[in-house]
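Structure record follows, encoded as structure tokens.
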Amino acid sequence: MNRDTDRAKLFGRRAAFLGAAKLALLGGLAGRMYYLQIIEGSRYATLADENRINIRLLPPPRGRILDRFGKPLADNEINYRVLIVAEDTEKAGGMKATLERLSQIVDISPKEIQRVLRDARRRRSFVPIKVVENLTWEEVASIQVNSPDLPGIDIDVGQSRNYPNGETLAHVLGYVAQVSEDDLTGDPLLELPGFRIGKAGVEKVHDLALRGAGGTSQVEVNALGRIKRELERREGEPGVEVELTIDIELQKFVEQRVGEESAAVVVLDVHTGEILAMSSQPGFDPNAFNKGLTTAYWRSLVNNEKSPLINKALVGQYPPGSTFKMVVAIAALEAGVIGPEQKIFCNGVTELGNARFHCWKKWGHGHMDLNEAIEQSCDTYFYEIAKRLGIDRIAEMSRRFGLGEPVDIDLPGARSGVIPTRDWKTATIGQPWQRGETLIAGIGQGYVLTTPLQLAVMTARLVNGGMAVQPHLTRNIGGKPAHLNEPDRIDVSPRTLKLIADAMDAVVNSPKGTAKSSRIEDETMKMGGKTGTAQVRRISKSERDTRVLKNEELEWRERDHALFVGYAPVSAPRYAVSVVVEHGGSGSAAAAPIARDVLEEVQRRSILPPLPPKTVAAAENRPEQDRSPLQQVNLSGQSR
Amino acid sequence: MRGLISSRASEMTLREKVWQINWSLILLIVATASVGFAMMYSAANGSFDPWATKQMARFGVGMVIMLFIALLDIRFWLRSAYLAYALALALLIAVEVFGSIGMGAQRWIAVGPIQVQPSELMKIALVLSLARYFHGINLEDVNRVTSFIPPILMILLPTALVLRQPDLGTAMMLAAGGVVLMFLAGVRLWIFVAGGVAALASIPIAWQFLRDYQKQRVLTFLDPETDPLGAGYHILQSKIALGSGGMFGKGFLQGTQSHLSFLPEKQTDFVFTMLAEEFGMIGGLGLLGLYALLLIYGVFIAMRSRSHFGRLLAMGVTVTFFLYVFINIAMVMGLVPVVGVPLPLISYGGTAMLTLLMGFGLLMCVYIHRDVTFGRRGEEET
Chain R
1 MNRDTDRAKL
11 FGRRAAFLGA
21 AKLALLGGLA
31 GRMYYLQIIE
41 GSRYATLADE
51 NRINIRLLPP
61 PRGRILDRFG
71 KPLADNEINY
81 RVLIVAEDTE
91 KAGGMKATLE
101 RLSQIVDISP
111 KEIQRVLRDA
121 RRRRSFVPIK
131 VVENLTWEEV
141 ASIQVNSPDL
151 PGIDIDVGQS
161 RNYPNGETLA
171 HVLGYVAQVS
181 EDDLTGDPLL
191 ELPGFRIGKA
201 GVEKVHDLAL
211 RGAGGTSQVE
221 VNALGRIKRE
231 LERREGEPGV
241 EVELTIDIEL
251 QKFVEQRVGE
261 ESAAVVVLDV
271 HTGEILAMSS
281 QPGFDPNAFN
291 KGLTTAYWRS
301 LVNNEKSPLI
311 NKALVGQYPP
321 GSTFKMVVAI
331 AALEAGVIGP
341 EQKIFCNGVT
351 ELGNARFHCW
361 KKWGHGHMDL
371 NEAIEQSCDT
381 YFYEIAKRLG
391 IDRIAEMSRR
401 FGLGEPVDID
411 LPGARSGVIP
421 TRDWKTATIG
431 QPWQRGETLI
441 AGIGQGYVLT
451 TPLQLAVMTA
461 RLVNGGMAVQ
471 PHLTRNIGGK
481 PAHLNEPDRI
491 DVSPRTLKLI
501 ADAMDAVVNS
511 PKGTAKSSRI
521 EDETMKMGGK
531 TGTAQVRRIS
541 KSERDTRVLK
551 NEELEWRERD
561 HALFVGYAPV
571 SAPRYAVSVV
581 VEHGGSGSAA
591 AAPIARDVLE
601 EVQRRSILPP
611 LPPKTVAAAE
621 NRPEQDRSPL
631 QQVNLSGQSR
Chain V
1001 MRGLISSRAS
1011 EMTLREKVWQ
1021 INWSLILLIV
1031 ATASVGFAMM
1041 YSAANGSFDP
1051 WATKQMARFG
1061 VGMVIMLFIA
1071 LLDIRFWLRS
1081 AYLAYALALA
1091 LLIAVEVFGS
1101 IGMGAQRWIA
1111 VGPIQVQPSE
1121 LMKIALVLSL
1131 ARYFHGINLE
1141 DVNRVTSFIP
1151 PILMILLPTA
1161 LVLRQPDLGT
1171 AMMLAAGGVV
1181 LMFLAGVRLW
1191 IFVAGGVAAL
1201 ASIPIAWQFL
1211 RDYQKQRVLT
1221 FLDPETDPLG
1231 AGYHILQSKI
1241 ALGSGGMFGK
1251 GFLQGTQSHL
1261 SFLPEKQTDF
1271 VFTMLAEEFG
1281 MIGGLGLLGL
1291 YALLLIYGVF
1301 IAMRSRSHFG
1311 RLLAMGVTVT
1321 FFLYVFINIA
1331 MVMGLVPVVG
1341 VPLPLISYGG
1351 TAMLTLLMGF
1361 GLLMCVYIHR
1371 DVTFGRRGEE
1381 ET
């Protein structure tokens, strides 16, 4: 009995110890629970929410682009897509069988079916996979009629960008396309599969405004990623509408008028700088970029020698030829190197050292004053005044008219052209300036390069009373005016400007003018302007001695560029136009008729409202003179 | 005097025994199991199928077996102890020879229509046979070297077999349960210290015998966040679920981690996590409280027993029960490696439920026969 008592006592002690140890261990578990649930509780609560809550972005609808009268230039069309959910097709013989049945209703190639099956293998069976998109309404209807035989097939309604006018205005509008690696800015919208952003033109410049802000939808998902329910939804901000200064009907007219030529045309409001039309031909279909380019179409664009992908109005740099002469003339008058009545004798050739500079008229124009020199585009006259001016004074005056410097326009990629100076030549070519080069520059050849847009701006500044208008395309963004700045004055005397405007009037409306065949008959719509023919090749001495080849005898690439800058109406200039026809031949034959038709059309359409009083007042309050040169043009316009 | 009491007890009628059944213990068991039913219902997203109904049926059967075991004479269990051990060992060997594979390990054997896990039964059988062995040895003899050999063999044999299956958790529980019984029987403390040092020293050797997935589990346990989508996923998700429950929990059927399948094995090994996620720390402490009461009851019954067999048996069952609780909860909280030990009376699973209720049956049997004393082989003491 004692023996049992001893071991019972020992057992009792040890059992009590064990009991206490167990309770202590349970207490440890409770402590751990306190640590996890109370001290670290909020951290784990966040982790649990991160597990179960997925935030999905809701892409906002992209803002429309409208013309100045509210006509849509870019809008969104409904895009019907067919999606397939693998796990739902199991009842009906699996994905392959379902896709084959679907291919009897809509056109799906066996290759596409292979792609869908491959995609499906890589994803979980409840994830929808895109089969085809851009379905017509008829196709959607027939899929819906057959839906009992097509389990797992869903129609999804999305939006895709649409350009209702096709190629018209394509360069200005640009296009949207898939986001590339370089486009990522941290905006999560950009990482959304299938999201598209503006890649060129207005679509690119105003991308942020057009894009809007994405909404979010919080969904609860399980461990496999399957959506259980939507917890919260916050709608985003749709992109705002962007209204352009373009008149799409005028734009269509211009593009139709240019036809098959490789050409650029810009039409400006001379007082505001609003661009009413800007065409670069040939164009491309921006819809193709959005909906997927075919290789054939892409090749046809890239291999076309007329460069349809380039906006020639902005990017094309051409020697201005004789259209540059107004600027040279103003520089000479303002510098006092020649008076308006002073005559220079043209015998067809000017010699400088042992170099010979030819006038386009082989036997010369005879005695020329300023008005006649512009009217008949006498090269000798301009060789002489350029020689007297020197290149730097020509360049200085050119810049006041917006040449040779960057154009401040709301489109990407505009080039600045080239207006050479001594310093420029040393810096870029590394050779000293030659005097002969000043003469060549005086007739807008040699190093001088301008874009069609710059020429239009130059013309506007010539006839708007000396205001440095800046060209622009955007009128309103989301209902708010985009451009309010008053243009600066360019420091040129109104008397000089009047002389130039008179001369440009004479170019078209006098019997000796180079563009006389392109005059507008209607007295109220008459236009003034200047032709230009820019030589692309060098005419060698031997060729000049025998016979200069005519344009028609040359390869397209070697023919002269045809240019024309003009304004209308002569009585009170409101519109400026520049036309450049690449390798089109002479300015008077190829460019002036286009300019005439465009200026006639723009006036017939009377696009612009009457001038706001402020602008008129500004135009009338000239120093030195009580009448504006514009009005004087009106009074004296018919003198030649 | 003693003879009188013992003879009276040995002649207890069935009616007297039924009166002696510890009804408050039964109430505690039912309460704990009911928590389990609620969790099974929640694990099935608010449905009695497929788990809750089956679990209740098993519990019902288990209760009948428990009462039957409790009402049998304690000396019957003394006499059957070695036989039970031999049977359990035979089943373990049978599993080794032609058991079926489940969860990457060979654990199950079919006995008629029922799938049995012999390693679970062994937990009870080992306690029974060790209790019988030490019941028959005087305190002076306990610390003789020759006296160690049978109990150590008794522990090592099934432990090695279970380890081979491989089932690290159960093997640990068998070894720990056996060692605790030796401790209670009076083996000197320095021997445990020496054994502990030897065990530590053998860890590098034992490491060689572990399967890759076991090694992975241990490594993952040591640093779970290095591999959050791989092997560490379970522990990490369990801690997130538990921690996110906070003080009051997310509400019944509202556990996001459990119901959206982030929590693995929510109806079996990780059921405590689901409970703590849905009922918070309050719910978790409530369950721990129930377990603590059951443990205190066990210790009380063991102390109250006048036979050494009864004492050791009651304490052995209590310790086994404690090991289940502790290993499981420590595992889901990331305190010990994931070893696959169920939460007693709550986790879904038949064999563990049966083992535990058999254990509680023996505990009650000890209580009913608390005043019965008997000799080495269960004979009347003189």
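Each protein sequence line maps, in turn, to chains R and V. The opening residue of the first sequence carries number 1 in this note's numbering; numbering runs sequentially from there. The opening residue of the second sequence carries number 1001 in this note's numbering; numbering runs sequentially from there. Ideal Cβ positions, reconstructed from N, Cα and C, are used throughout, including at glycine.
With distances taken Cα to Cα, identify the nearest neighbour of residue i among the options.
{"i": "Ala1330 (chain V)", "options": "R:Ala20, R:Asp149, R:Met33, R:Gly444", "result": "R:Met33"}
{"i": "Arg56 (chain R)", "options": "R:Arg400, R:Pro340, R:Gly225", "result": "R:Gly225"}
{"i": "Ser1347 (chain V)", "options": "V:Phe1262, V:Val1116, V:Ile1029, V:Gly1036", "result": "V:Gly1036"}
{"i": "Asp285 (chain R)", "options": "R:Ala170, R:His365, R:Ile143", "result": "R:Ala170"}
{"i": "Pro1151 (chain V)", "options": "V:Thr1053, V:Thr1170, V:Phe1183", "result": "V:Phe1183"}
{"i": "Gln1216 (chain V)", "options": "V:Ser1202, V:His1234, V:Ala1199", "result": "V:His1234"}
{"i": "Ala263 (chain R)", "options": "R:Gly215, R:Leu599, R:Glu255", "result": "R:Glu255"}
Report buried or exposed for residue i, applying the criterion of at least 16 other Cβ atoms within 10 angstroms of its Cβ.
{"i": "Asp408 (chain R)", "result": "exposed"}
{"i": "Arg233 (chain R)", "result": "exposed"}
{"i": "Thr641 (chain R)", "result": "Given that chain R is displayed from residue 1 to residue 640, the structure contains no residue 641 (chain R) and the question cannot be resolved."}
{"i": "Tyr35 (chain R)", "result": "exposed"}
{"i": "Phe345 (chain R)", "result": "exposed"}
{"i": "Asp423 (chain R)", "result": "exposed"}
{"i": "Leu173 (chain R)", "result": "buried"}
{"i": "Met1172 (chain V)", "result": "buried"}
{"i": "Leu1014 (chain V)", "result": "exposed"}
{"i": "Leu449 (chain R)", "result": "buried"}
{"i": "Asn464 (chain R)", "result": "buried"}
{"i": "Asn347 (chain R)", "result": "exposed"}
{"i": "Ala617 (chain R)", "result": "Low local confidence applies: a pLDDT of 43 at Ala617 (chain R) is under 50, so the model's placement there is unreliable, with the coordinate-based value given in what follows. Exposed is the call here."}
{"i": "Met1103 (chain V)", "result": "Bear in mind that the predicted position of Met1103 (chain V) carries a pLDDT of just 49, short of 50, making it unreliable; the figure below should be weighed with that in mind. Met1103 (chain V) comes out exposed."}
What span of residues does the beta strand (DSSP E) with residue i cover, start to end?
{"i": "Leu189 (chain R)", "result": "Per DSSP, Leu189 (chain R) belongs to no beta strand (DSSP E) and is neither H nor E."}
{"i": "His358 (chain R)", "result": "355–358"}
{"i": "Gly264 (chain R)", "result": "The question names Gly, yet the displayed sequence has Ala at residue 264 (chain R). Unbroken beta strand (DSSP E) run through Ala264 (chain R): 263–269."}
{"i": "Leu83 (chain R)", "result": "72–85"}
{"i": "Phe564 (chain R)", "result": "561–568"}
{"i": "Tyr575 (chain R)", "result": "575–581"}
{"i": "Glu220 (chain R)", "result": "215–221"}
Could you check where the alpha helix (DSSP H) with residue i kicks off and where it finishes?
{"i": "Val116 (chain R)", "result": "110–122"}
{"i": "His206 (chain R)", "result": "Here His206 (chain R) belongs to no alpha helix (DSSP H), and DSSP marks it neither H nor E."}
Give the residues of chain R in contact with residue i, contact being defined as C-beta atoms less than 7 Å apart.
{"i": "Tyr1324 (chain V)", "result": "Going along chain R, no residue has its Cβ under 7 Å from Tyr1324 (chain V), so there is no contact; the nearest lies around 12 Å."}
{"i": "Met1173 (chain V)", "result": "Within 7 Å Cβ-Cβ: nothing; Met1173 (chain V) doesn't reach chain R, min ~14 Å."}
{"i": "Thr1256 (chain V)", "result": "Ala48, Arg52"}
Residues of chain V with CB closer than 8 Å to the CB of residue i, please, in chain order.
{"i": "Gly12 (chain R)", "result": "Met1303"}
Which value, in whole angstroms, describes the spacing of the CA atoms of residue i and residue j?
{"i": "Thr5 (chain R)", "j": "Gly1177 (chain V)", "result": "24 Å"}
{"i": "Thr1273 (chain V)", "j": "Ala1302 (chain V)", "result": "31 Å"}
{"i": "Glu558 (chain R)", "j": "Arg537 (chain R)", "result": "6 Å"}
{"i": "Val1127 (chain V)", "j": "Ile1282 (chain V)", "result": "34 Å"}
{"i": "Ala331 (chain R)", "j": "Val179 (chain R)", "result": "49 Å"}
{"i": "Asp379 (chain R)", "j": "Ile443 (chain R)", "result": "6 Å"}
{"i": "Asn304 (chain R)", "j": "Trp556 (chain R)", "result": "13 Å"}
{"i": "Val242 (chain R)", "j": "Arg495 (chain R)", "result": "40 Å"}
{"i": "Arg356 (chain R)", "j": "Lys204 (chain R)", "result": "49 Å"}
{"i": "Leu1362 (chain V)", "j": "Arg1164 (chain V)", "result": "29 Å"}
{"i": "Lys614 (chain R)", "j": "Glu191 (chain R)", "result": "Bear in mind that a pLDDT of 47 at Lys614 (chain R), under 50, signals an unreliable position, so the number given afterwards is only what the model happens to contain. Whole-angstrom Cα-Cα distance: 48 Å."}
{"i": "Tyr1082 (chain V)", "j": "Asp1371 (chain V)", "result": "23 Å"}
List, in order along the chain, the chain R residues whose C-beta lies closer than 9 Å to that of residue i?
{"i": "Gly1186 (chain V)", "result": "Asp6, Arg7, Leu10, Phe11, Arg14"}
{"i": "Phe1262 (chain V)", "result": "Ala48, Asn51, Arg52, Asn222, Ala223"}
Residue i touches chain R at which residues, Cβ-Cβ below 8 Å?
{"i": "Arg1311 (chain V)", "result": "Ala8, Phe11, Ala15"}
For a contact defined as C-beta to C-beta under 7 Å, what are the partners of residue i on chain V?
{"i": "Arg32 (chain R)", "result": "Met1333, Leu1335"}
Can you tell me whether residue i sits near the ligand NAP, meaning its C-beta is under 6 Å from at least one heavy atom of the ligand?
{"i": "Met368 (chain R)", "result": "The ligand NAP is not part of this structure, which contains no ligands at all."}
Positions along the stretch 1180–1209 of chain V whose CB lies within less than 8 Å of some CB in chain B:
Structure shown: chain B not included; protein chains present are R and V.
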